[in-house]
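Asks: Under my numbering, the letters of the sequence shown match residues 9 to 165, in that order. The C-beta atom is built at its ideal place from N, Cα and C for all residues, glycine as well. None of the values given here were measured: they were computed from a predicted structure.
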Amino acid sequence: MAHQSRSFRITERWRIPLDGKIFGWLPILPMVAGACLMVLPTEITGFIAAAMALWGSVIILFLAGVRRGLSFRTPGGPRAIQLVTMMGFFLWGLVALVLPPVPALWFLAVGYGVIAVIDPIAARREEAPLYFAHLRPVQMGCAALMMLTGACLASFS
């Protein structure tokens, strides 16, 4: 066996890198589109709500994987809170997948709101990239707002 252990050094910047901007905001665009499309005739709002709920669930499930991946690079190794958070994101996404579309949108709005709050905390604790401290509140806040908008418009259409 070549290596029993290794050390590494990570230098992070406060500035959001270009790939962070691109891959951070691209997944939000379908949520914005879905919320905007909810003003169309009521025959298709059910389909749009279902598509938004599916996409929102998939993104939260993906974020569970992101959180797990980040734990591999945490100084000192994965922390229990990272594993609990990862499982929380994963279970949140799974529950949203089995809920009917409109309740799923309400549920996802809360989930994205939670992520907007806890990811900056994780960034300060060296459990996530430093730039998550200012990207996630806006990015996940936008996702929460789009889910909330979709849920409201679907509920009243």
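(1) If distances are taken between C-alpha atoms only, which option among S65, S79, P35 comes closest to G5?
(2) Give every residue of the same chain whose Cβ lies closer than 6 Å to the Cβ of V40, excluding the five residues on either side of it in the sequence, and list them in chain order.
(3) In the DSSP assignment, the alpha helix (DSSP H) including A136 goes from what residue to what residue?
(4) For L91, does the count of other Cβ atoms within 10 angstroms reach 16, so buried, or fall short, so exposed?
(5) Express the C-alpha separation of Q147 and R81 in angstroms, rounding to a whole number.
(6) Would you identify the three-state DSSP class for S15, choosing helix, strand or coil?
(7) How many Å lie between P128 and F140 at the Cα?
(8) Can you tell me whether M154 is helix, strand or coil according to DSSP?
Replies: The relevant details are as follows:
(1) The structure shown does not extend to residue 5, since the chain is modelled only from 9 to 165, so the question has no answer here.
(2) The residue you call residue 40 lines up with position 32 of the sequence shown. Cβ within range, chain order: M154.
(3) Within the sequence shown, numbered from 1, the residue matching residue 136 stands at position 128. Per DSSP, A136 belongs to no alpha helix (DSSP H) and is neither H nor E.
(4) Residue numbering aside, residue 91 sits at position 83 when the sequence shown is read from its first letter. Exposed: under 16 other Cβ atoms inside 10 Å.
(5) Here residue 81 refers to the residue found at position 73 of the sequence shown. Here residue 147 refers to the residue found at position 139 of the sequence shown. Between R81 and Q147, the C-alpha separation is close to 23 Å.
(6) Within the sequence shown, numbered from 1, the residue matching residue 15 stands at position 7. Three-state DSSP puts S15 in coil, outside helix and strand.
(7) Locating residue 128 in the sequence shown gives position 120, counting from the first residue. Locating residue 140 in the sequence shown gives position 132, counting from the first residue. The straight-line gap from Cα to Cα measures roughly 6 Å.
(8) Residue numbering aside, residue 154 sits at position 146 when the sequence shown is read from its first letter. Reduced to three states, the DSSP call for M154 is helix.
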